[in-house]
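Some notes on the structure that comes next.
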Amino acid sequence: MPSLPLLLLLWDATMVQKYLQKYYNLKTGTNKSGRQRNSGLVVEKLKQMQKFFGLKVTGRPDAETLHVMQQARCGVPDVAPYVLTEGNPRWEHTDLTYRIENYTPDLPRAEVDRAIEKAFQLWSDVSPLTFTKVSEGQADIMLSFGEVNHGDKSDFGRIRSPFAHVFPPGRGMGGGVHFDEEKTWTDDFRNYNLYYVAAHELGHSLGLLHSDDIGSLMFPRYIYYGDALLSLKDIDAIQAIYGPSKNPIQPKELPIPRACDSKLTFDAVTKIRVLYETVDPDVISDLGNGVDAAYEVARRDEVFFFKGGKYWAIKGHRALYGYPRDIYSSFGFPQRPKKIDAAVHEEETGMTYIFAASEHWGYDENTQSMDVGFPKEITQDFPGVGKKVDAVFQDGANCLCGNGYFFSRVRVQYKFDPKTEQILTVLKTNSWFHCRSK
0 MPSLPLLLLL WDATMVQKYL QKYYNLKTGT NKSGRQRNSG LVVEKLKQMQ
50 KFFGLKVTGR PDAETLHVMQ QARCGVPDVA PYVLTEGNPR WEHTDLTYRI
100 ENYTPDLPRA EVDRAIEKAF QLWSDVSPLT FTKVSEGQAD IMLSFGEVNH
150 GDKSDFGRIR SPFAHVFPPG RGMGGGVHFD EEKTWTDDFR NYNLYYVAAH
200 ELGHSLGLLH SDDIGSLMFP RYIYYGDALL SLKDIDAIQA IYGPSKNPIQ
250 PKELPIPRAC DSKLTFDAVT KIRVLYETVD PDVISDLGNG VDAAYEVARR
300 DEVFFFKGGK YWAIKGHRAL YGYPRDIYSS FGFPQRPKKI DAAVHEEETG
350 MTYIFAASEH WGYDENTQSM DVGFPKEITQ DFPGVGKKVD AVFQDGANCL
400 CGNGYFFSRV RVQYKFDPKT EQILTVLKTN SWFHCRSK
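0 is the number of the first residue of the sequence shown in numbering that gives the first Met the number 0; add one for each residue after it.
Structure representation (structure tokens):
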């Protein structure tokens with residue numbers, strides 16, 4: 000009987016081959032002598048996949064490559080027989096119809112309708128396309144939830160299967176979207192957000208391929224950011240096929256808050272020792288607009304950013320691979336906090352304190368586990384700062400209390416002494432910007 004390491008090695012080799020066959024058009028077979036003829040092709044296809052996902056191009060199934068292969072993704076290949084050029088598969092008319100053939104039991108029918116309608120609107124807002132829902136007969140785009148074997152020769156697998164697959168524009172099954180019913184569909188950050196997945200898959204229904212830009216909605220991996228938004232590349236791609244919208248929606252520009260605005264509030268605050276001038280400006284572009292919390296572990300030279308139920312990590316001047324990750328499996332949170340409000344790391348003890356709603360947790364960075372006795376009410380350990388905070392950071396140079404905490408909430412900051420558990424000073428949120436008093 001093969002040993003466990005050998006079984007794992009064989010399993011990895013099988014997974015790599017199946018992944019490259021499905022998503023990178025790897026051809027398999029044997030030559031006249033009966034030998035596998037695809038060993039060189041596997042290396043070539045691995046390099047192609049690694050380049051697409053921004054990995055180190057080695058042609059070997061290293062740990063990072065295997066990690067990507069095991070992540071949730073769309074079932075449409077990253078290499079397809081059509082490209083974004085003249086003659087790209089497209090709908091010849093712009094007034095398209097769609098029909099939802101059946102419904103998932105995971106959500107109320109009204110919520111499924113709302114998610115699908117909203118996903119279509121994302122594309123109609125930036126193109127001349129219109130979408131009308133019909134309740135019977137054949138529509139241009141048919142959407143359905145299917146089991147493993149659902150009759151289209153593109154079966155869903157039971158382990159690490161894609162959450163959906165799509166057919167490019169055309170007659171018959173063209174444009175059809177099939178969602179995997181064995182996945183759990185939701186209207187929030189848990190499991191698979193139906194609106195987010197539908198918005199991506201409909202891009203394929205309209206003729207778009209996958210993008211290698213992690214900030215694009217058409218990136219093949221499932222990364223839930225809280226809401227589906229089109230990147231400029233997505234908009235350029237759909238307009239290259241169908242043209243611009245006849246009634247473009249003018250985006251509302253949010254005013255950039257002035258540092259000395261008396262109404263200034265913070266989403267997140269952290270103190271970073273060094274600002275790297277060589278940081279890639281796209282390194283956290285996939286965070287979108289704003290973050291919920293951030294903190295630095297200086298001894299590891301790592302900064303963490305939280306948004307929704309996910310978090311990202313940067314080490315030095317580069318984004319760490321394998322992120323974003325969800326806060327529940329990584330930190331051991333229960334399912335109830337939908338997002339993190341604030342976080343602060345204490346270098347002396349190696350503890351990170353994470354705040355969500357009216358509670359806070361202690362996470363031990365040394366053991367990579369939650370400390371016992373948590374969660375606690377914020378008012379229990381930090382009396383006077385209120386039941387909820389917007390941001391927290393630690394600073395010893397500007398605090399007579401040693402490495403004191405600064406809590407920010409609703410236009411004010413509290414300078415807090417953790418030793419005496421007392422508030423020393425109440426400041427305006429913009430006090431760090433040396434604003435002149437009016």
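Backbone N, C-alpha and C define an ideal beta-carbon position, used for all residues, glycine too.
Proximity of residue i and residue j at Cβ, strictly below 8 Å
i           : j           : result
residue 393 : residue 345 : yes
residue 14  : residue 68  : yes
residue 100 : residue 143 : yes
residue 141 : residue 98  : yes
residue 18  : residue 78  : no
residue 211 : residue 354 : no
residue 203 : residue 167 : yes
residue 208 : residue 233 : no
residue 324 : residue 309 : yes
Beta carbon proximity, residue i to chain C, threshold 8 Å
i           : result
residue 341 : Although the question refers to chain C, the structure presented lacks it and comprises just one protein chain.
Alpha carbon of residue i to alpha carbon of residue j, nearest angstrom
i           : j           : result
residue 45  : residue 20  : 11 Å
residue 274 : residue 178 : Caution applies to residue 274, whose pLDDT of 45 falls short of 50 and renders its modelled position unreliable; the value that the coordinates give is listed next. Residue 274 and residue 178: Cα-Cα distance of roughly 44 Å.
residue 295 : residue 303 : 6 Å
residue 415 : residue 241 : 57 Å
residue 331 : residue 293 : 18 Å
residue 437 : residue 383 : Unreliable placement is indicated for residue 437, whose pLDDT of 48 sits below 50; the coordinate value is still reported in the next sentence. The straight-line gap from Cα to Cα measures roughly 27 Å.
residue 54  : residue 385 : 45 Å
residue 75  : residue 364 : 39 Å
residue 337 : residue 222 : 16 Å
residue 70  : residue 112 : 28 Å
residue 205 : residue 372 : 52 Å
residue 27  : residue 39  : 11 Å
residue 238 : residue 92  : 14 Å
residue 311 : residue 348 : 23 Å
residue 189 : residue 387 : 24 Å
residue 301 : residue 307 : 20 Å
residue 94  : residue 131 : 8 Å
residue 361 : residue 326 : 14 Å
residue 322 : residue 213 : 11 Å
residue 165 : residue 175 : 6 Å
residue 146 : residue 183 : 12 Å
residue 277 : residue 391 : Reliability of the predicted coordinates at residue 277 is poor, the pLDDT of 41 falling under 50, and no value is obtained from them.
residue 247 : residue 96  : 21 Å
residue 378 : residue 305 : 23 Å
Coarse secondary structure for residue i, derived from DSSP in three states
i           : result
residue 396 : Residue confidence for residue 396 is low, a pLDDT of 44 falling below 50, so the modelled location carries little weight; the figure read from the coordinates is stated next. Three-state DSSP puts residue 396 in coil, outside helix and strand.
residue 163 : strand
residue 177 : strand
residue 61  : coil
residue 378 : helix
residue 22  : helix
residue 15  : helix
residue 67  : helix
residue 299 : helix
residue 350 : strand
residue 373 : coil
residue 90  : coil
residue 217 : coil
residue 222 : coil
For residue i, the first and last residue of its enclosing alpha helix (DSSP H)
i           : result
residue 198 : 193 to 204
residue 329 : 326 to 330
residue 39  : 38 to 51
residue 236 : 231 to 241
Beta strand (DSSP E) segment containing residue i, residue limits
i           : result
residue 362 : 358 to 363
residue 128 : Note, residue 128: premise wrong, no beta strand (DSSP E); not H, not E.
residue 121 : Segment 108 to 123 is the alpha helix (DSSP H) holding residue 121; no beta strand (DSSP E) there.
residue 314 : 309 to 314
residue 244 : Residue 244 -> no beta strand (DSSP E), and no H or E assigned at all.
residue 342 : 341 to 345
residue 319 : Counting along the chain, residue 319 falls outside any beta strand (DSSP E), and DSSP gives it neither H nor E.
Nearest neighbour of residue i, chosen from the options [CA to CA]
i           : options            : result
residue 236 : 122, 96, 192       : 122
residue 163 : 52, 180, 169, 172  : 180
residue 103 : 26, 93, 136, 115   : 115
residue 420 : 78, 385, 381       : 381
residue 109 : 64, 71, 185        : 185
residue 105 : 312, 290, 187      : 187
residue 368 : 351, 89, 376       : 351
residue 63  : 319, 145, 378, 349 : 319
residue 120 : 373, 228, 328      : 228
residue 129 : 347, 290, 117      : 117
residue 231 : 56, 376, 125, 16   : 125
residue 172 : 422, 191, 138      : 138
residue 340 : 41, 195, 290       : 290
residue 329 : 314, 343, 297, 366 : 366
residue 127 : 146, 243, 165      : 243
residue 66  : 165, 376, 220, 42  : 220
residue 195 : 418, 12, 422, 73   : 73
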